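**Student:**
Number of protein chains: 2
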Amino acid sequence: MLDTPATCHPPSALGWSLSSREPRSARDRILVAASRLFCNQGFAATGIDTVIEEAGAAKATLYKHFASKQALIEAVLEAEGETWRAWFFGRLAQIDGPAEARLLGVFDVLYDWFDDPGFYGCPFINAVAEFDTDDSVARRAAELHKEHLLTWLKAQLMELGVRDVKEGARSLAVLIDGAIVAAQHGRDPSFARTARNLARCFLETAETGRG
Amino acid sequence: MLDTPATCHPPSALGWSLSSREPRSARDRILVAASRLFCNQGFAATGIDTVIEEAGAAKATLYKHFASKQALIEAVLEAEGETWRAWFFGRLAQIDGPAEARLLGVFDVLYDWFDDPGFYGCPFINAVAEFDTDDSVARRAAELHKEHLLTWLKAQLMELGVRDVKEGARSLAVLIDGAIVAAQHGRDPSFARTARNLARCFLETAETGRG
DNA sequence: AGAAAAGAAAACCGATCTGTCTGCTTTACA
DNA sequence: TGTAAAGCAGACAGATCGGTTTTCTTTTCT
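Chains as they are written, first to last, in the numbering used here: chain A, 1 to 211; chain B, 1001 to 1211.
#1: Could you give the C-beta distance for A1199 of chain B and F1107 of chain B, rounded to a whole number, given that I count them as a contact under 8 angstroms?
#2: Report the rounded CA-to-CA distance for A192 of chain A versus A1093 of chain B, giving the unit in angstroms.
#3: Could you check where the alpha helix (DSSP H) with D164 of chain A kicks off and where it finishes?
#4: Taking Cβ positions, are C1039 of chain B and Y1111 of chain B nearer each other than 8 angstroms?
#5: In the structure shown, what three-state DSSP assignment does S1068 of chain B receive?
#6: Within 10 Å of its beta-carbon, does R1140 of chain B have 16 or more other beta-carbons around it, so buried, or fewer, so exposed?
#7: Would a C-beta distance cut-off of 8 angstroms place V128 of chain A and Q1184 of chain B closer than the cut-off?
#8: Let me know if S1035 of chain B comes out buried or exposed under the rule of 16 or more other beta-carbons within 10 Å of its beta-carbon.
#9: What are the residues in the segment 79-93 of chain A lying within 8 angstroms of chain B by C-beta distance?
#10: May I ask you to report which of helix, strand or coil DSSP gives S1019 of chain B?
#11: Considering only residues of the same chain and omitting the five flanking positions on each side of C122 of chain A, which have a CB-CB separation below 7 angstroms?
#12: Which of helix, strand or coil does DSSP assign to R187 of chain A?
#13: Hey, how far is the Cα of I73 of chain A from the Cα of R1102 of chain B?
#14: Determine the closest residue to W84 of chain A out of A:R21, A:A195 and A:D28, with distance taken between C-alpha atoms.
#15: Considering only residues of the segment 35-90 of chain A, which uninterrupted alpha helix (DSSP H) runs meet the minimum length of 4 residues and lie entirely inside it, listed in chain order?
#16: Please decide whether E1074 of chain B counts as near chain A, where near means a Cβ-Cβ distance under 8 angstroms.
#17: Where H1148 of chain B and R1091 of chain B are concerned, what is the direct C-alpha to C-alpha distance, given to the nearest angstrom?
#18: Could you work out which residue in B:D1028, B:W1087 and B:G1178 is closest to A1075 of chain B when comparing CA atoms only?
#19: Do S1017 of chain B and P1011 of chain B have their C-beta atoms closer together than 8 angstroms?
#20: Please name the residue in A:M158, A:H65 and A:L37 whose C-alpha comes closest to that of E53 of chain A.
#21: Within a Cβ cutoff of 7 angstroms, which residues of the same chain sit near F1202 of chain B, ignoring the five residues on either side of it in sequence?
#22: If you draw a straight line from the C-alpha of I95 of chain A to the C-alpha of D1164 of chain B, how long is it?
#23: Verify the CB distance criterion: does K1146 of chain B have a CB-CB separation below 8 angstroms to chain A?
#24: Which residues in chain B have a C-beta closer than 8 angstroms to the C-beta of R170 of chain A? List them in chain order.
#25: Assuming F124 of chain A contacts H145 of chain A (C-beta within less than 8 angstroms), just tell me the rounded distance between them.
#26: Is the Cβ of T1061 of chain B closer than 8 angstroms to any Cβ of chain A?
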């Protein structure tokens, strides 16, 4: 009963997902199970009973650690985002060379993410798609996540010496979001390469202003 | 009770949404109400009872026209997609000039879409985000929708004389998806301009092979 | 005008939802 | 070893879910 249900992909071995972490406490097990179920089956579509069954935990235990389902969703998004960013920026940090190589490397790392059988799109994009209307917790979590990304992108663009760093980061963010959605819909990781070519094309013209 | 609830944006005046259509039959009212609620509050999060209340219809009437909630979702996606494409391609058809102007015009039309107060992102992206795991009706509807878009893009790129038409269409699709998601998350229509600049940048290098 | 279809209102069904509460067992720590 | 916390199992509550059925009214078309 602790096996991964057939409707869920196996936890990734790459380490971008919370599901690949070894749970220690009951709280961990609940968080990991909720993460896997929420991200694969949807937040609203996944019930609390399913989460505790997958986690092998008691309902009272869940509600001792998380005040409500909303709070659990919030915790899942935060933990999932942190895990993903640690993996993503960790991979990028291994790339030595100029900032341009690191910026293009973004799309190589994205390729590996898309190519993982457990890839289910970006949890934040999926969450905002569900809870769009109200300015919910999901939206704020997504904003924070994107803020982290933009900060990193801007640092690289600054190092590269492009003129409009803010607009450059926005451009790359559009490419990243577009690649994620296209890869998710088409189940085709090669959209990372398509986006990479667009990025190279953009950087070539944007770099003209560097010193 | 037929008023738009506070949680929903007013129906668009531009005509890209099904909500802007004047409902004639009870079936129409149900379809329009379901479209507005599903797209604004989420598919799973919106109950049948809410739909019939918003539509001012009886539950039996709904189930006479639609076999199930899934069938209703399917009908909403199909109708919403058809309405959107009629609006989108209609706007683009008004652009006279070379294919390049029409391709860049895509992002001007997208701007108007994003700028509408009733903008809730792309229904297909949102639906796939909810029903990702199973190869559901939503996924097939999204594929069909993207197929329409790609066909149009390829026709323009062919007219423009670019070398790799298929890859060019994929590139523009990434830009469109990315702009949609970024605009939805940031509630900022100007991501359409960012994507437009990327498209111009891409077309300039891709056009080198035209005759 | 009269037949027939469409629709409204509301009761009703079984299942499932989030969340609470009560026992009992296991773990952890002093 | 004894005490306290943590956790499991499951019943339970009230609401809501998707969906069916019945009765009555309105519309529509010949």
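We treat Cβ as the ideally placed atom computed from N, Cα and C, and that holds for glycine.
Predicted model, so just to flag it, every value in this text is computed and none were measured.
**Tutor:** Judging by the given coordinates:
#1: Going by Cβ atoms, the distance from A1199 of chain B to F1107 of chain B rounds to 6 angstroms, so yes, they are a contact pair.
#2: Rounded to the nearest angstrom, the two C-alpha atoms are 31 angstroms apart.
#3: D164 of chain A: not part of any alpha helix (DSSP H); DSSP gives it neither H nor E.
#4: It is not a contact, given that the beta carbons lie outside the stated cut-off.
#5: Annotated three-state conformation of S1068 of chain B is coil, per DSSP.
#6: With fewer than 16 other beta carbons inside 10 angstroms of its own, R1140 of chain B counts as exposed.
#7: Result yes, Cβ atoms of V128 of chain A and Q1184 of chain B sit closer than 8 angstroms.
#8: Classified as buried, S1035 of chain B has 16 or more neighbouring CB atoms from the shown chains inside 10 Å of its CB.
#9: Listed in sequence order: no entries.
#10: Look at S1019 of chain B here: in three-state DSSP terms it is helix.
#11: Hits under 7 angstroms: I180.
#12: DSSP, read as helix, strand or coil, puts R187 of chain A in coil.
#13: Distance between the alpha carbons of I73 of chain A and R1102 of chain B: 43 angstroms.
#14: Taking the Cα of W84 of chain A as reference, the smallest distance to any Cα among A:R21, A:A195 and A:D28 is reached at A:R21.
#15: Runs of the alpha helix (DSSP H) inside the segment 35-90 of chain A: 48-55 and 59-65.
#16: Closer than 8 angstroms to the CB of E1074 of chain B there is not a single CB belonging to chain A.
#17: The straight-line gap from Cα to Cα measures roughly 15 angstroms.
#18: Taking only the C-alpha atoms, the option nearest A1075 of chain B is B:D1028.
#19: For S1017 of chain B and P1011 of chain B, yes; Cβs fall inside 8 angstroms.
#20: E53 of chain A has its Cα closest to that of A:L37, out of A:M158, A:H65 and A:L37.
#21: The residues are S1171.
#22: Here the alpha carbon of I95 of chain A sits roughly 31 angstroms from the alpha carbon of D1164 of chain B.
#23: Chain A has a Cβ within less than 8 angstroms of the Cβ of K1146 of chain B.
#24: Within chain B, the residues near R170 of chain A are A1182, F1191 and T1194.
#25: Going by Cβ atoms, the distance from F124 of chain A to H145 of chain A rounds to 5 angstroms, so yes, they are a contact pair.
#26: Put simply, the CB of T1061 of chain B is far from chain A, with every gap to its CB atoms at 8 angstroms or more.
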